[in-house]
Amino acid sequence: AVELRGGDRQAFVNGQCTANVKDAEPLDHLEACFTNKVGRAIDAARVTLLPDRALLLTSPGTCGALLQLMDLLIIREDVQLADLRGLVAVFAVVGDAAGPALSAALSLPSLPAPRRAVQGCF
949 AVELRGGDRQ AFVNGQCTAN VKDAEPLDHL EACFTNKVGR AIDAARVTLL PDRALLLTSP
1009 GTCGALLQLM DLLIIREDVQ LADLRGLVAV FAVVGDAAGP ALSAALSLPS LPAPRRAVQG
1069 CF
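At position 81 of the sequence shown (counting the first as 1) the number is 1029 in my numbering, and the numbers step up by one without a gap.
Right, dumping it as structure tokens:
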């Protein structure tokens, strides 16, 4: 996983992937394809927006390549990258009460009512 912080994080990620990240809101989860400089796919990752950061949930083995490419592309943007490999767990809570159960279990603010599932990365 990759963590992005800084005032330009959302616009920066938007320019690096196929998802419309610039119009997303905190707690949105977006599927996105990231490519290298010649347009070959590096990863199909999940972009999770939080109020103070963005998390990219990468496929196993692709985090390093994505971090390296992004680091080269940061010029003047207010973006800081962090490698979260080994520090992040991905899970799914399924059912009508998934949001409230997840909020209560992790002492989080109330999550929006899910359509089918709430997935999280904490």
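For glycine and all other residues, C-beta sits at the position ideal for the given N, C-alpha and C.
DSSP-derived helix/strand/coil call for residue i
i            : result
residue 1004 : strand
residue 1041 : strand
Alpha carbon of residue i to alpha carbon of residue j, nearest angstrom
i            : j            : result
residue 982  : residue 951  : 15 Å
residue 1055 : residue 1044 : 19 Å
residue 976  : residue 1048 : 17 Å
residue 1005 : residue 994  : 5 Å
residue 1003 : residue 997  : 6 Å
Residue i burial status per 10 Å Cβ neighbour count (16 or more: buried)
i            : result
residue 1000 : exposed
residue 991  : buried
residue 1016 : exposed
residue 968  : exposed
residue 962  : buried
residue 1020 : exposed
residue 1039 : exposed
residue 949  : buried
Opening and closing residue of the beta strand (DSSP E) in which residue i lies
i           : result
residue 953 : 950 to 953
residue 981 : 977 to 983
Residue range of the unbroken alpha helix (DSSP H) whose run includes residue i
i           : result
residue 992 : Taken as a continuous stretch (DSSP letters only), residue 992 belongs to no alpha helix (DSSP H), being part of the beta strand (DSSP E) at 989 to 998.
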